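Novice: Here numbering that gives the first Met the number 0 is used: position 281 in the sequence shown is 280, and no number is missing along the way.
All C-beta atoms in this analysis are idealised placements derived from N, C-alpha and C, irrespective of residue type, glycine included.
Please read all numbers here as calculations on a predicted model, not as lab measurements.
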Amino acid sequence: MPIEYTPGEVEQQLSEPSEALVASMVQSSGDLLLLGAGGKMGTTLALMAKKAIQAAGQSRRVLAASRYRNPAVRQTLESAGVHTLAGDLFSTEFLDSLPDADTVVQMVGHKFGTSGDAGPTWATNAFLPGLLCRRFTQCRLIAFSTGNVYPLVPIASGGSIESDPLAPVGEYAMSALARERIIHHFTTAMNIPTVLLRLNYSTELRYGVLIDLARQVISGSPVSLSMGYFNCIWQRDACDLALRSLPHASNPPRVFNLTGRETLSVRAVATAMGELLGIRPEFVGEEAPTALLSNSHRTCECLGDPQTNTDAMIRHTCEWLRNGYPTWDKPTHFETRDGKF
Numbered sequence: 000m001p002i003e004y005t006p007g008e009v010e011q012q013l014s015e016p017s018e019a020l021v022a023s024m025v026q027s028s029g030d031l032l033l034l035g036a037g038g039k040m041g042t043t044l045a046l047m048a049k050k051a052i053q054a055a056g057q058s059r060r061v062l063a064a065s066r067y068r069n070p071a072v073r074q075t076l077e078s079a080g081v082h083t084l085a086g087d088l089f090s091t092e093f094l095d096s097l098p099d100a101d102t103v104v105q106m107v108g109h110k111f112g113t114s115g116d117a118g119p120t121w122a123t124n125a126f127l128p129g130l131l132c133r134r135f136t137q138c139r140l141i142a143f144s145t146g147n148v149y150p151l152v153p154i155a156s157g158g159s160i161e162s163d164p165l166a167p168v169g170e171y172a173m174s175a176l177a178r179e180r181i182i183h184h185f186t187t188a189m190n191i192p193t194v195l196l197r198l199n200y201s202t203e204l205r206y207g208v209l210i211d212l213a214r215q216v217i218s219g220s221p222v223s224l225s226m227g228y229f230n231c232i233w234q235r236d237a238c239d240l241a242l243r244s245l246p247h248a249s250n251p252p253r254v255f256n257l258t259g260r261e262t263l264s265v266r267a268v269a270t271a272m273g274e275l276l277g278i279r280p281e282f283v284g285e286e287a288p289t290a291l292l293s294n295s296h297r298t299c300e301c302l303g304d305p306q307t308n309t310d311a312m313i314r315h316t317c318e319w320l321r322n323g324y325p326t327w328d329k330p331t332h333f334e335t336r337d338g339k340f
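(1) Quick check on DSSP: helix, strand or coil for F229?
(2) Looking only at its chain, what residues have a beta carbon closer than 6 Å to the beta carbon of K110, apart from the 5 residues adjacent to it on each side?
(3) Can you have a look at W327 and say buried or exposed, based on whether 16 or more other CB atoms are within 10 angstroms of its CB?
(4) Grab the span of the alpha helix (DSSP H) containing L176 for me, first residue to last.
(5) Are P16 and M47 touching if we call contact CB-CB under 9 Å?
(6) So, with DSSP's three-state summary, where would you put R134?
(7) Of all the options V265, A155, T187, which has the alpha carbon lying nearest to the alpha carbon of D284?
(8) For Q105, report the span of its beta strand (DSSP E) as first-last.
(9) Can you check whether the CB of L88 is closer than 9 Å to the CB of G129?
(10) Going by DSSP, what residue range makes up the alpha helix (DSSP H) through R243?
(11) Determine the contact status of L31 and T83, defining contact as a CB-CB distance below 9 Å.
(12) Would you call the region 200 to 210 and the region 308 to 323 in contact, with 3 or more CB pairs under 8 Å?
(13) Is the region 229 to 244 touching the region 168 to 186 in the sense that three or more CB pairs, one from each, lie closer than 8 Å?
(14) Grouping DSSP H, G and I as helix and E and B as strand, with all else coil, what is S223?
(15) Nearest to G29 by alpha carbon, out of A287, S156, L140?
(16) Give a yes or no on contact between the region 236 to 245 and the region 136 to 152, applying the rule of three or more CB pairs nearer than 8 Å.
(17) Enumerated in chain order, which unbroken segments of the beta strand (DSSP E) with a length of 3 residues or greater are wholly contained in the region 242 to 280?
(18) With V216 and M272 assumed to form a contact (beta carbons below 8 Å), what rounded beta-carbon distance in angstroms separates them?
(19) Which term fits A241, buried or exposed, when burial requires 16 or more other beta carbons within 10 angstroms of its beta carbon?
(20) Could you tell me if P192 is buried or exposed, where buried requires 16 or more neighbouring beta carbons within 10 angstroms of its beta carbon?
(21) Does H82 come out as helix, strand or coil in the three-state DSSP assignment?
(22) State buried or exposed for S249, treating a residue as buried only when at least 16 other CB atoms are found within 10 Å of its CB.
(23) Are the beta-carbon atoms belonging to L224 and E286 less than 9 Å from one another?
(24) How should R197 be labelled, buried or exposed, when 16 other C-beta atoms within 10 angstroms of its C-beta is the threshold for buried?
(25) How long is the line joining the alpha carbons of S156 and Y149, rounded to whole angstroms?
(26) So, is K427 buried or exposed, given that buried needs 16 or more other C-beta atoms within 10 angstroms?
(27) For my contact list, G38 and M106 are in at a C-beta cut-off of 8 Å; report their separation, rounded to the angstrom.
(28) On the DSSP letters alone, give me the boundaries of the beta strand (DSSP E) that F143 sits inside.
(29) Does S156 come out as helix, strand or coil in the three-state DSSP assignment?
(30) Which whole-angstrom value is the C-beta distance of M226 and A290, which I expect to be below 8 Å?
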């Protein structure tokens with residue numbers, strides 16, 4: 000039966016674990032600590048981990064550390080039995096106070112505003128991961144990165160694979176590559192089994208590439224074709240696959256592209272949305288021969304395919320907006336080709 004997403008239940012619906020994730024939890028043990036759990040994806044991942052652990056009949060704790068600028072996020076997690084820890088990860092006192100855990104998930108990152116003030120981006124993406132690795136040496140680590148570490152590639156290539164040379168465009172992407180190098184250095188030196196996840200782009204009903212495109216179609220704003228192709232993955236699937244990647248943690252780190260299988264056309268997706276919404280989209284510009292694309296073949300071979308297909312993602316997105324449900328004012332700027340965010 001198709002899921003009908005509603006504002007009051009969306010977080011619970013997005014955080015429903017797959018049977019495969021529940022089964023994988025049976026094979027692991029110990030507490031799970033999320034660092035940077037207050038971000039766009041952290042709530043979903045924390046709730047999903049808690050549900051999967053409970054469904055597996057385990058009593059392990061899920062701990063979630065963040066500044067929690069939005070108190071409602073903390074309340075949602077606490078209500079679900081997730082132990083929240085509020086503080087600044089740059090604070091030595093707070094970092095030292097955090098409990099040890101068998102599994103640590105690094106979700107901390109900074110992107111937008113980089114072109115105007117790059118300092119916080121470099122500090123968060125490149126400096127902080129080293130501190131976190133040095134603090135949590137007796138764990139298995141899942142570390143989030145981004146597909147922005149890759150160069151723009153020809154559309155017909157099928158996207159960059161994990162072993163391709165990295166050639167980031169812009170300061171944000173450069174700082175993301177620095178994050179990967181720092182994590183690789185410290186986890187290798189300290190023998191920390193690690194999975195590195197290059198994500199692009201997680202999308203759900205309140206933010207993401209599909210929300211960006213659908214809002215443009217509804218408003219009548221011309222849809223830019225400057226970045227004419229993209230990848231995305233439903234946030235429920237992204238969190239599920241991320242947690243299921245843990246058994247693949249190794250030293251040196253195992254890298255996975257965390258995205259959907261398909262190369263999606265902006266023009267085709269916007270046109271499909273227009274048909275569902277009864278609006279003919281307007282376009283501006285032409286598709287370039289290259290785009291920021293990742294190939295998820297390795298991920299799908301090791302972890303399985305995402306459960307939510309493109310048609311379902313588009314349909315859910317259009318239904319959400321047609322019903323007038325709320326979205327976050329957090330555009331992805333996925334159409335950016337010069338790396339300035």
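Specialist: With the structure as the only source:
(1) In the three-state DSSP reduction, F229 falls in the strand class (E or B).
(2) Hits under 6 Å: Y171, F340.
(3) Result: exposed.
(4) According to the DSSP assignment, L176 belongs to the alpha helix (DSSP H) that extends over 170 to 188.
(5) The beta carbons of P16 and M47 sit closer together than 9 Å.
(6) Here R134 sits in helix by DSSP.
(7) Going by the sequence as given, residue 284 is Gly instead of Asp. Minimum Cα-Cα distance from G284 among the listed residues V265, A155, T187 corresponds to V265.
(8) Q105 -> beta strand (DSSP E) spans 102 to 105.
(9) Against a cut-off of 9 Å, the Cβ pair of L88 and G129 comes out as no contact.
(10) Here the alpha helix (DSSP H) through R243 covers 234 to 243.
(11) T83 sits away from L31, with the two beta carbons spaced by 9 Å or more.
(12) Here the region 200 to 210 lies against the region 308 to 323, with 3 or more beta-carbon pairs under 8 Å apart.
(13) The region 168 to 186, when compared against the region 229 to 244, does not touch it at the 8 Å Cβ threshold.
(14) For S223, the secondary structure class from DSSP, reduced to helix, strand or coil, is strand.
(15) Selected option, being the one with the closest Cα: L140.
(16) Verdict: yes, contact present.
(17) Listed in chain order, the complete beta strand (DSSP E) runs (minimum 3 residues) inside the region 242 to 280 are 253 to 257.
(18) Indeed, because the Cβ distance is near 5 Å, the residues count as touching under 8 Å.
(19) Result: buried.
(20) Buried.
(21) Strand.
(22) When all chains shown are included, S249 counts as exposed.
(23) The answer is yes: Cβ separation under 9 Å.
(24) The residue is buried, with at least 16 neighbouring Cβ atoms inside 10 Å.
(25) Using only the alpha carbons, I get a separation of about 13 Å.
(26) The requested residue 427 is not part of the displayed model; the chain covers only 0 to 340.
(27) That pair is a contact at about 6 Å.
(28) Going by DSSP, F143 is part of the beta strand (DSSP E) stretching over 139 to 145.
(29) If DSSP states are grouped into helix, strand and coil, S156 belongs with the helices.
(30) The pair is a contact, with the Cβ atoms about 6 Å apart (cut-off 8 Å).
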